[in-house]
Amino acid sequence: MLHIIDHPLIAHELTALRCPSCGTGQFRHHVRRIASLMVPSVTQDFATQALSCQTPLEQTEGRHLSRDVILVPILRAGLGFVDGFLDMLPNASIAHVGIARNERTLLPEPYYLKHPPHVAEAEVLILDPMLATGGSAVEAVRCLVDAGATSLRFVCLVAAPEGISALTAAYPQVRIFTASLDRQINAQGYILPGLGDAGDRLFGTA
Ligand code: PRP
Ligand code: URA
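Read left to right, the sequence shown gives residues 1 to 206 (the numbering used here).
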């Protein structure tokens, strides 16, 4: 299931981010703001429970989230999303999954996984700015399903149709949220029009 989060503020930030003259500091800033702006759409149908609460004037009924939230950035570039999500979900736990895309074969190479013990009971949000071939996303979902995750969403900035197809074919139950559906990937595995190498731009390693 694909959700394209079409919002004027996100489109504005994303356009600034795509520009090659957007430097590392500004790039981080835009990614963080887009991440925060995506949170209401990504969490819109999270279950809540009624909760009795006291105001200064009287007793009333409020609501709180039924399930904990676990954010899972795919290292490295997914780290760029974490602060924006934490701004809106300050109590979320954070798991890490390390997956490097082999630059020659474009195949994902997993190298690290650390998650909190309650992954099966939580809402799990996998974060990565780029969904290109989909190899890294499929591998990340596989790691988390093996770890017991039952409710998984994948959140990215820019997705290619190839990546959407690969992730949907492998895990149709995983909802995909993106700020943009771009045209295609090129022979080197980069998304067109895209924004270049998200990890290098976030960490200044180009
Ligand atoms: C990039 C990106 C995704 C992956 C997407 O990471 O952040 O994880 O490529 O490509 P795919 O859909 O074809 O798998 P990369 O492996 O370059 O590592 P980095 O985050 O360290 O830059
Ligand atoms: N990874 C990136 O960082 N950018 C792309 O365009 C594709 C994969």
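Note that the Cβ used here is the ideal one computed from N, Cα and C, for glycine as well.
Residue i beta carbon near the ligand URA (any heavy atom closer than 7 angstroms)
i           : result
residue 134 : no
residue 74  : no
residue 147 : no
residue 80  : no
residue 197 : yes
residue 88  : no
residue 77  : yes
Buried or exposed (CB count within 10 angstroms, at least 16 for buried), residue i
i           : result
residue 1   : exposed
residue 64  : exposed
residue 50  : exposed
residue 30  : buried
residue 146 : exposed
residue 116 : exposed
residue 19  : exposed
residue 139 : buried
residue 185 : buried
residue 8   : exposed
Proximity test, residue i beta-carbon vs the ligand PRP heavy atom, cut-off 7 angstroms
i           : result
residue 126 : no
residue 194 : no
residue 189 : yes
residue 6   : no
Neighbourhood of residue i by C-beta distance below 7 angstroms, restricted to the same chain and skipping five residues each side
i           : result
residue 27  : 17, 201, 202
residue 107 : 135
Best match in the options for proximity to residue i [C-alpha to C-alpha]
i           : options            : result
residue 88  : 128, 20, 36        : 36
residue 132 : 7, 191, 156        : 191
residue 127 : 166, 136, 156, 164 : 156
residue 153 : 103, 124, 167, 180 : 124
residue 14  : 194, 48, 79        : 194
residue 151 : 90, 160, 158, 176  : 176
Counterpart residues of residue i in DSSP-defined beta bridges
i           : result
residue 52  : 61
residue 184 : 192
Close beta carbons around residue i, own chain, < 6 angstroms, minus the five adjacent residues each side
i           : result
residue 104 : none
Neighbourhood of residue i by C-beta distance below 8 angstroms, restricted to the same chain and skipping five residues each side
i           : result
residue 148 : 119, 120
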